[in-house]
Amino acid sequence: MDRIKDRLEEIVGKDYVSCSAEERFIYSRDQGVQEPSEPDYVVLPATSEEVREIVLLANEAKVPVVPMGGGLVLSGLTVPLKGGIVLDMKRMNRILEVNENSHYAVVEAGTSQGMLDAYLRKHHPRLKHSLPDAPPVATIAGNIAIHGSGHLSQSEGGFHSEMVTGLEVVLPTGELVKLGSCSTVSAWFSRAPLPDLAGLFLGWNGTTGVITKVGIKLFPRQAHHDVLIFMTEDVDAAPDILFRVIHTGMAEDINYALSPKPDYLSGFQMIVINVTAHREDELALKLRIIRESLRDYFETKEAGFMPMPPNMKAGLLEVPQKALSRFADVRKGGGFEYVGAIMPLEKIPDACRAGMEITERNGITYSLGARIIGRGHSAMFFFAYPFNRADKDEIRRVRSALEETNEEAIRLGGIPWKAEAAGQKLILGSMEPATYELMKKVRTLLDPNGIMNPGNWEV
Amino acid sequence: MDSEYRDILHRCFRCGWCKLPTNYADFNCPAYLKHRFESFASGGRMWLIRAWTEGEITPSERFNQILFSCVTCGNCVEACAMDKIRDKLVDVFVAARRDLVEEGRIPPGVRDYFKAVSVSGNPYKRPAEETGLWAADLDIEEYNGHEYLLYAGSVASFDDPGMRMARSAAKLFKQAGLSFGTLKGEEVDDGNDLRASGEQALADFLASRNIETFNRKGVGKIITISPHSFHTMRKDYPALGGTFEVYHYSQVLALLVMQGALVPGGFGAEVTYHDPCYLGRWNKEYFSSRRVLGELKGTSVREMDRSMQNALCCGGGGGNFFTDILGTGRDLSSRARVREALDTGAGTLVVSCPQCYRMLDDAVKAEGAQDRLRVRDLAEVVSASAGDA
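Given below as structure tokens:
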């Protein structure tokens with residue numbers, strides 16, 4: 062008799078608890094190169110109350126709880142490093158409210174990016190939310206919990222965690238709390254002017270509680286959309302080019318990319334600039350202003366705007382882009398690992414050089430790039446390394462590159478994003494001691510039994 | 026497992042595009058929708074099959090449930106991001122089932138299904154001579170050199186809603202003066218769902234029997250009631266010596282309407298249309314039924330959020346119609362589909378597959394929606410519009 066399993070089944074129903082080898086296998090690993098670690102139970106709650114009861118049970122039994130959204134983080138953050146209960150939140154996927162005038166939506170934590178997008182297109186076609194580059198099954202809550210970013214991060218206010226207007230959270234000790242305006246009045250319009258307690262759960266990778274509802278900002282959806290690619294072989298020119306494009310104020314999304322394939326584009330820095338507008342003439346004007354901002358460069362004939370075949374343009378206009386998932390099959394092997402590093406824009410050239418050196422040293426291939434966050438306030442620089450899942454040696458080399466990249470990102474003055482447990486230790490090792498102690502106090506206070514996603518942000 | 030499939034197992038990234046339709050409206054994989062564990066999505070299934078072939082896990086009752094819960098609807102094929110593997114996803118699942126069948130590791134429901142068909146030639150355990158009884162009082166000629174053979178298949182021969190479909194279609198064909206006949210007691214199951222369930226040898230045997238009968242009688246053109254028959258006769262029969270022109274009855278109805286041989290009247294109610302997977306996603310036939318419905322006077326088709334290539338399967342494919350591996354509950358795709366149909370405000374949910382008919386008709390009852398939604402087949406709707414309800 063497994064008393065915990067019985068209790069879990071009483072809480073969520075027999076169909077939604079599994080200790081089977083098959084579920085333990087699947088939930089023991091993600092798509093990256095981290096070592097697997099099996100859960101004891103996989104549980105699919107349907108309500109905040111069920112989550113609360115599960116957390117209370119976990120406290121009583123001193124069993125770890127690992128919340129999971131889309132499970133697409135690649136760095137093992139939802140792999141139960143110390144066993145216990147994986148809470149797959151995707152049954153909690155109702156869209157609870159859309160406030161058109163105040164531009165926010167309230168969703169349950171398992172709501173996927175794609176489903177919110179589809180819902181808005183159908184019921185509120187004037188509005189959209191910022192979509193990450195992850196596949197559309199990635200969840201809203203999972204993404205904000207790791208400080209994700211997306212296609213409106215440049216133009217509309219930064220990381221997705223900065224677009225949160227309110228949270229409902231089950232604390233590690235079982236209390237259900239609301240944070241932001243919804244804690245005081247009925248609407249979920251803002252985190253201000255209250256003390257910003259939401260920060261206790263954003264960027265903590267599920268180590269301080271289980272997010273059960275999210276209020277998220279919405280933005281105008283424009284009817285017209287186009288994309289430009291500016292190319293240069295001068296790696297050191299990237300910060301200035303980005304600065305100029307950002308300062309036009311005309312771009313919705315700005316990305317930087319560098320890839321060895323196809324061969325004829327190897328060595329080219331590509332600045333991908335997405336532009337949207339309500340009217341065609343507005344779109345044309347925006348495109349003209351962006352082109353004009355880079356006139357100095359293309360007049361030298363060392364750089365220029367790339368003529369794009371229609372199928373390429375169509376792919377770049379997709380949000381999210383399927384092509385980014387296809388990157389996993391570059392090595393005909395269904396895998397890629399990823400170090401995102403949040404860093405100042407001026408570090409992009411050095412990060413590129415570092416990425417190429419690391420991949421050459423480890424005998425692997427790469428795609429490097431960055432998304433501009435805010436009006437150039439930072440860049441989310443990605444070092445993406447595809448691998449063949451059937452090639453154990455390549456996996457080992459990618460793991461080694463991942464470790465080197467984490468170290469290099471910190472050396473360059475950046476911070477690895479959604480870092481795996483070992484990467485988190487590196488970050489903590491570089492952290493101001495007083496900040497480290499504060500993190501420790503916060504975790505001890507919130508989670509006295511240490512049940513929440515242990516092994517992550519371990520202080 | 027065939028090396029063709031074994032060599033692509035590791036290429037699934039498990040990125041999850043396969044869970045959704047291409048417009049992301051809601052989960053669109055019936056097995057995942059029902060169970061919600063990652064293991065029941067196509068990506069999870071790919072990883073588990075790989076783990077099995079690598080010796081990391083051993084087949085268990087749960088493993089079988091996961092494998093046999095795939096209804097072969099093809100949503101994953103439509104939505105998968107990986108161009109090099111997407112077309113083979115369902116083939117991999119079927120190949121893995123074949124291996125389980127060969128090893129004798131199959132769920133009891135699947136075993137009973139196989140037994141019934143192997144004994145009787147159909148899943149209903151009915152004697153072969155009863156296969157044409159659905160048309161007994163319709164005065165339809167036995168096939169004898171007619172232009173078309175009307176092949177009902179197992180479900181339209183023995184399941185009430187399916188029989189109503191076959192009868193309505195046959196009456197319309199007669200009314201339009203179409204040259205067609207049926208087989209009296211010589212049909213056996215088309216084999217499609219057996220093949221999808223991993224029982225290839227029995228599927229081939231039944232197909233060969235049908236082919237032998239068709240060839241002996243000089244059949245050139247076949248009209249099927251079931252999209253499952255339509256699919257396997259086009260895709261699998263040629264390799265077994267059966268090359269025929271195969272049409273689904275909705276295509277023939279559309280042709281007759283276009284030729285003016287059939288003139289639909291007014292139906293007097295808004296309708297919504299459910300695309301069967303083996304007609305739509307598998308064979309890209311989305312327009313014939315809509316063409317016919319478009320001719321109904323005073324009626325419009327209200328599309329569901331998930332239509333055409335994004336249609337949510339009724340859950341009746343891949344053998345599940347007979348094995349019921351998916352079980353019951355609110356998250357069954359058939360019930361979700363009925364709720365989606367109700368959202369359109371239409372009073373009639375039109376189908377063109379006898380399996381969809383039964384699955385959705387039962388789901389309307391399970392949802393308690395009998396007073397708001399009626400499931401009817403395309404031919405019944407056309408008959409009703411002409412005053413022959």
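First to last, the sequence lines map onto chains A and B.
Position in the first sequence counted from 1, then plus 61, gives you this note's numbering.
Position in the second sequence counted from 1, then plus 25, gives you this note's numbering.
Where a beta carbon is used, it is the ideal one built from N, C-alpha and C, also for glycine.
So, is residue i buried or exposed, given that buried needs 16 or more other C-beta atoms within 10 angstroms?
| i | result |
| --- | --- |
| Phe-269 of chain B | buried |
| Arg-259 of chain B | buried |
| Ala-414 of chain B | The predicted model places Ala-414 of chain B with a pLDDT of 47, which falls under 50 and marks its position as unreliable, so this point remains unresolved. |
| Trp-77 of chain B | buried |
| Ala-226 of chain B | exposed |
| Val-246 of chain A | exposed |
| Asp-342 of chain A | exposed |
| Met-325 of chain A | Met is not the amino acid found at residue 325 of chain A; the sequence shown has Tyr there. Under this definition Tyr-325 of chain A is an exposed residue. |
| Gln-90 of chain B | buried |
| Asn-514 of chain A | buried |
| Gln-284 of chain B | exposed |
| Val-135 of chain B | buried |
| Cys-40 of chain B | buried |
| Ala-415 of chain A | buried |
| Thr-156 of chain B | buried |
| Asp-51 of chain B | buried |
From this set, the options, which residue's C-alpha is nearest residue i's C-alpha?
| i | options | result |
| --- | --- | --- |
| Val-288 of chain B | B:Gln-380, B:Asp-386 and B:Ser-408 | B:Ser-408 |
| Ala-161 of chain B | B:Asn-147, B:Gly-129, B:Tyr-138 and B:Ala-195 | B:Ala-195 |
| Glu-363 of chain A | A:Pro-494, A:Lys-189 and A:Phe-329 | A:Phe-329 |
| Ile-315 of chain A | A:Ile-290, A:Glu-379 and A:Pro-371 | A:Ile-290 |
| Thr-466 of chain A | A:Asn-204, A:Ala-338, A:Ala-412 and A:Thr-172 | A:Ala-412 |
| Gly-270 of chain A | A:Thr-420, A:Leu-237, A:Glu-294 and A:Ala-451 | A:Leu-237 |
| Thr-83 of chain B | A:Tyr-102, A:Leu-377, A:Met-129 and A:Phe-86 | A:Phe-86 |
| Ile-332 of chain A | A:Glu-360, A:Asp-324 and A:Val-296 | A:Val-296 |
| Leu-398 of chain B | B:Ala-56, B:Ala-177, B:Thr-373 and B:Glu-237 | B:Thr-373 |
| Pro-132 of chain B | B:Gln-380, B:Thr-348, B:Phe-183 and B:Asn-308 | B:Thr-348 |
| Cys-101 of chain B | B:Cys-338, B:Gly-266, B:Asp-330 and B:Ser-377 | B:Cys-338 |
| Asp-112 of chain B | B:Glu-29, B:Leu-45, B:Ala-294 and B:Phe-52 | B:Glu-29 |
| Ala-264 of chain B | B:Ala-294, B:His-299 and B:Ala-228 | B:Ala-228 |
| Glu-379 of chain A | A:Gly-211, A:Ala-202 and A:Val-124 | A:Gly-211 |
| Ser-410 of chain B | B:Gly-291, B:Lys-109, B:Ser-204 and B:Arg-122 | B:Gly-291 |
| Glu-167 of chain B | B:Phe-239, B:Gln-276, B:Glu-86 and B:Phe-93 | B:Phe-239 |
What are the boundary residues of the alpha helix (DSSP H) that residue i is part of?
| i | result |
| --- | --- |
| Ser-173 of chain B | Reading off the sequence shown, one finds Tyr at residue 173 of chain B, where the question assumed Ser. No alpha helix (DSSP H) contains Tyr-173 of chain B, which is instead part of the beta strand (DSSP E) from 173-176. |
| Trp-478 of chain A | Premise fails: Trp-478 of chain A lies in the beta strand (DSSP E), 476-478, not in any alpha helix (DSSP H). |
| Leu-105 of chain A | Run containing Leu-105 of chain A: none; DSSP gives neither H nor E here. |
| Pro-133 of chain B | 133-145 |
| Asp-402 of chain B | Run containing Asp-402 of chain B: none in the alpha helix (DSSP H); it sits in the beta strand (DSSP E), 399-402. |
| Asn-217 of chain B | 217-221 |
| Ser-233 of chain B | 225-241 |
| Phe-346 of chain B | 345-348 |
Assuming residue i is part of the beta strand (DSSP E), what are its boundary residues?
| i | result |
| --- | --- |
| Lys-239 of chain A | 237-241 |
| His-273 of chain B | 270-273 |
| Glu-158 of chain A | 156-160 |
| Asn-335 of chain A | 330-338 |
| Lys-246 of chain B | 246-249 |
| Phe-397 of chain A | 395-404 |
| Asp-149 of chain A | 146-149 |
Compute the minimum distance between the beta carbon of residue i and the heavy atoms of the ligand FAD, and state whether it is under 7 Å.
| i | result |
| --- | --- |
| Leu-240 of chain A | With respect to the ligand FAD, the structure shown offers nothing to examine, as it has no ligands at all. |
**Q.** Chain-ordered residues of the stretch 300-326 of chain B with a beta carbon less than 9 Å from chain A
**A.** none
Q. Taking any Cβ of chain A, which residues in the stretch 103-119 of chain B have a Cβ under 8 Å from it, in chain order?
A. Flagged, chain order: Ala-106, Met-107, Asp-108, Lys-109 and Ile-110.
Q. Going along the chain, which residues of the stretch 75-90 of chain B sit with their C-beta nearer than 8 Å to a C-beta in chain A?
A. Ala-76, Glu-81, Ile-82, Thr-83, Ser-85, Arg-87 and Phe-88
Q: May I ask you to list, following chain order, the residues of the stretch 41-54 of chain B that have a beta carbon less than 8 Å from some beta carbon of chain A?
A: Gly-41, Trp-42, Lys-44, Leu-45, Asn-48, Tyr-49, Ala-50 and Asp-51
**Q.** Meets three-Cβ-pair contact criterion under 8 Å: the stretch 175-190 of chain A and the stretch 144-152 of chain A
**A.** no
Q | Within 8 Å of chain A by C-beta, residues of the stretch 56-71 of chain B in sequence order | A | His-60, Arg-61, Phe-62, Glu-63, Ser-64 and Gly-69
Q) Using a beta-carbon distance cut-off of less than 8 Å, what residues from the stretch 109-142 of chain A approach chain B? A) Gly-131, Gly-132 and Leu-133
Q. Of all the residues that make up the stretch 380-400 of chain A, which are near chain B by a beta-carbon distance shorter than 7 Å?
A. Lys-383, Ser-386, Arg-387, Ala-389, Asp-390, Lys-393, Gly-394, Gly-395 and Gly-396
Q | Three or more C-beta pairs below 8 Å linking the stretch 225-241 of chain A and the stretch 484-492 of chain A | A | no
Q: May I ask you to list, following chain order, the residues of the stretch 440-471 of chain A that have a beta carbon less than 8 Å from some beta carbon of chain B?
A: Asn-449, Arg-450 and Ala-451
Q | Interface positions of the stretch 80-105 of chain A facing chain B (Cβ-Cβ less than 7 Å), listed along the chain | A | Ser-81, Ala-82, Glu-83, Glu-84, Phe-86, Ile-87, Tyr-88, Gln-92, Val-103 and Leu-105
Q.
Can you pull out the residues from the stretch 181-204 of chain A whose beta carbon lies closer than 9 Å to at least one beta carbon of chain B?
A. Arg-182, Lys-183, Ala-195, Pro-196, Pro-197, Val-198 and Ala-199
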